Structures are given as structure tokens and as C-alpha cells.
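Notes follow once the structure below has been shown.
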Ligand SMILES: NC(=O)c1ccc[n+]([C@@H]2O[C@H](COP(=O)([O-])OP(=O)(O)OC[C@H]3O[C@@H](n4cnc5c(N)ncnc54)[C@H](O)[C@@H]3O)[C@@H](O)[C@H]2O)c1
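In our numbering, the protein residues as written are 2 to 414.
Written out as C-alpha cells, the structure reads:
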């Protein structure tokens, strides 16, 4: 089957995944309806103001003004679509277990409006079986009576926000479907947008592959975070060790230590895996251990930073530089800097923060770099963050990013 002729695509969820997909589809001729339950976001988008860094206002405005894109809160708009992709969050609940409430509500929302022959694809990350055991039964039970045939696939999104190289088009797309006709339709849809589509035998394989990819990152980050602590205790610079090991041309991939892991994916998705393992009578001990090492990093970083302060200062002033979970984005979801701040405060520190991409964080406002402090922690090196003055003032800095090592007063994690 050749790439599908663009028609109308509905995308449920207009966030870091849904909006770039919408723009990529518009680029190749699809007419896109972006459904989002958050009214203020829909108004913002329709006013031509992009809520995410990877999509510029100009790109969004061009798509809107040529009539190729519109956001709405109204699920009934999906009745015009030949393809519907679900891109809603899949977070953890308070027990740190999968919370599929938003995914269920998206499936429930679209179900009455799916037309005959619609292809429904889930791009949200979840455990194996989510498409088959949750999404499909909801849609089949609520779809209109005349929608006799609906096609289904799982195609987990792999987008990496802030990445200037890899995007929707050039990142190969995994697709797994419940039957051959669905597979062919999903292949044709993604071939219209992506350079390469990788077909797998079932949706469960696609879902599990996504969990493996992100768990791979979690455990490697945990390994290097643990290794950092061993190196520090042994008086060795971990970055020099990583650089040295990276000279091996095969069998090694470098990861860098940091304050922990953040964002909507790496700290979350592996816990979908550990939960799924438990449902099947197993235990993902290795992953659980990695999760626990990463969770202990903010405390380790707080202790290291406070260790740089003159012990006679009872309530040191600590400036955290960069609170987003990674450079280049203003996304603070699951940022480990939150725990870092808690640990610092718990130990009596007065804490302020600075991040050029984050206007407000957890109800507090940033300070500028002139804020008088006893120590600074470079947690996330944001583009445009100029630390020259801070260094010139002789402020001690714990660099968790390996981006200013060698400067006077700077200690490496
Ligand atoms: N952010 C990433 O880097 C990334 C990368 C790959 C995969 N994913 C996965 O993609 C999915 C979406 O993540 P995201 O980062 O785009 O989330 P996001 O929070 O940026 O965007 C999701 C949007 O969905 C909307 N929404 C929530 N429930 C809804 C519903 N029932 N109906 C309509 N709209 C609804 C929200 O208002 C929000 O605007 C998750 O499963 C995530 O794990 C994310």
C-alpha cells in the first residue's frame, strides 16, 4: 500500500506530542483538527500562540491561516476524520502506578463520533495490552451503530522535545496493529508523515518496545549516577572517566550524571513496566533499583552543595540554576530539582532559583543571577544562561551538567 492521500486527521491532546504531529501532518497536506480538553490551551493555540518550544508561533499561525489546522474542545469534530490519533498524558497515580484516566476519557470522548472505517491510533506511552484491553473495548462499546468497522493500531511517539536533529519526520515510527487491514492503514498513514515506518507483529510489541527504550535510558542514567558517587568518594572525576570509556568504538554508550531524571517520560514509563511485570507475577528488580538510585540523587546533590558552604553559616543561601528537567525546554514536569529544593530547605537553606525558560515554578518566582548566595547549583544549563558574572563574583558552584567545569570555584558532580 502506498502512503495515504492526506485527508482529515484528528489528534486528541495538543501537547508536546500532539501539536508537533499536527504541524508535521499539515506540512504534508493533511487537514488537522486538534482536540484538547483544556479550554485555555485551545484558545491560546487558536490565537496563534504556541504552548510548546518546538513549534513556533509563525508555524502555527501559517497552519491556521491556510485553514489546515484548528484546535477545539469539541469531540464531535472527530467525525470528519479518517484517522484519529490519541496523544494524551499517561502519568502515575499517587501510588506511582499507571493512571490511564485521561486515556480512558479520550477513548470515551471520541467513541460516539468514530465513523465507519476510521483508523484509531494510540501514540500515548503505556504498558502492553493498553490498546487491546482498554482502548478498543471502550470504543467498540460506545461507537455509533453504523460504524461497523474501525481499525486500530499502537504507534508510540518517540519525540524528544528540544531536539534539533530528530523529529516526527526523520525518527522511524513503530507501528503494531491488531489485524492486517489495520496494519496496512496505519502504515499508509505514517508513511505520509514519516521517512521510515517499522512494522511489528502486535500492538503489544510496539507498546513494550517504547517501555524498553525509556527504561534503557533510566537504568543507564542510574548507573552513571551511582558511578558518580563512587568516583567522587574515590577522588576521581567521573566525566574524565566517561570520556575515557567513550573512546571505545563499540559496546559503550555514554550517559552523564545529573540531579536525577525528569519529564513526562523517563521517570514515569519504567514504572509502567514495573507495574506490568507485577501484574504478570514478575518483578522488574533491576528497574526498581535504578528508579531508587535516581530518586536519591537530589539528596546527594543537596549534600554535596551544602558541603561547599562554610560550616559556620547556619542557614546558607542557595541559588539553583535551571529548574526545567532538561536544557532547551521550560518543562518542569517531574523535574528532580523539586526534590533538590525540598532537601535543601529541609537542611535549613534559603533557596532561590533562576531559569530563563521558566517564568513561574511551583508558585514561586525566579530571581536574577545577581541574587546574593553562598553556593549555586547548576542543575540544568539553559541556553542563554550566562554565568560569567556569577563565576567572577567568586560564588562556589556545584556543576551538575559538566558545562562549566574548569572554571574557578566550580566543582563537578
Ligand atoms: N513529552 C514527550 O517528550 C513525549 C515523548 C514521547 C511520548 N510521550 C507520550 O505522549 C503522551 C502525551 O504526552 P505529552 O508530553 O504530549 O503531554 P502534554 O501534557 O504535553 O499534552 C497532552 C495534552 O492532552 C490534553 N488532554 C488530556 N486529557 C485529554 C482528553 N481526555 N481529551 C483531550 N485532551 C486531553 C491536555 O490538556 C494536554 O494539552 C504521553 O503518553 C507521553 O508519555 C511524550
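Heads up, the beta-carbon is just placed ideally off N, CA and C, and yes, glycines get one too.
Everything numeric in this text was worked out from a predicted model, so none of it was measured.
Shortest gap from the CB of residue 13 to any heavy atom of ligand 1: under 7 Å. For residue 171, same chain residues with a beta-carbon under 7 Å away, outside a window of 5 residues either side, are 196 in chain order. Between ligand 1 and the CB of residue 90, the shortest heavy atom gap is smaller than 7 Å. A Cβ-Cβ contact shorter than 8 Å links residue 88 with residue 125. Just measuring C-alpha positions, the residue of 183, 164, 317, 129 sitting nearest residue 281 is 129.
Collapsing the DSSP output to three states places residue 131 in a helix.
Annotated as proximal: residue 348 and residue 303, with beta-carbon spacing under 8 Å. Contact annotation: residue 127 and residue 101 have beta-carbon atoms nearer than 8 Å. Here residue 332 carries a coil assignment [DSSP, helix/strand/coil]. Just measuring C-alpha positions, the residue of 337, 174, 77, 34 sitting nearest residue 261 is 337. By the C-beta density criterion, residue 237 is exposed, having fewer than 16 other C-beta atoms within 10 angstroms. Just so you know, the alpha carbons of residue 310 and residue 316 end up roughly 10 Å apart. Secondary-structure assignment with DSSP links residue 154 through a beta bridge to 122, 178. The C-beta separation of residue 176 from residue 169 comes to about 14 Å, leaving the pair out of contact by the 8 Å criterion. In the DSSP assignment, residue 243 falls within the alpha helix (DSSP H) that extends over 239–246. Just measuring C-alpha positions, the residue of 328, 299, 364, 358 sitting nearest residue 342 is 299.
Between residue 69 and residue 27, the C-beta spacing is below 8 Å. Residue 150 and residue 190 have their C-alpha atoms spaced approximately 17 Å apart. Where residue 28 is concerned, there is no enclosing beta strand (DSSP E), although the alpha helix (DSSP H) around it starts and stops at 19–28.
C-alpha of residue 397 to C-alpha of residue 138: approximately 58 Å in a straight line. According to the DSSP assignment, residue 346 belongs to the alpha helix (DSSP H) that extends over 338–347.
Distance between residue 46 and residue 362, taken at the CA atoms: about 22 Å. At the C-beta level, residue 353 and residue 372 come within 8 Å of one another. Beta bridge pairing from DSSP links residue 73 with 36. The beta-carbon distance between residue 199 and residue 173, rounded to whole angstroms, is 5 Å. This is short enough to meet the 8 Å contact definition. Residue burial annotation: residue 153 is buried, with at least 16 other C-beta atoms found within 10 angstroms of its C-beta. Straight-line measurement puts the Cα of residue 52 at about 12 Å from the Cα of residue 59. Straight across, the Cα-Cα distance linking residue 293 with residue 110 is about 37 Å. Around residue 206, the same chain offers 177 as residues with beta carbons nearer than 6 Å, after the five sequence neighbours per side are excluded.
Residue 216 has its CB no nearer than 7 Å to any heavy atom of ligand 1. With fewer than 16 other Cβ atoms inside 10 Å of its own Cβ, residue 384 counts as exposed.
Annotated three-state conformation of residue 99 is strand, per DSSP. Cβ atoms of residue 258 and residue 226 come within 8 Å of each other, at about 5 Å.
Looking at 240, 14, 19, the one whose alpha-carbon comes closest to that of residue 414 is 240.
With a cutoff of 7 Å, residue 50 does not count as near ligand 1, since its C-beta is closer than that to no heavy atom of the ligand. Taking residue 37 as the centre and dropping the five residues before and after it, the same chain places the C-beta of 14, 15, 43, 72, 74 closer than 7 Å to its C-beta, in chain order.
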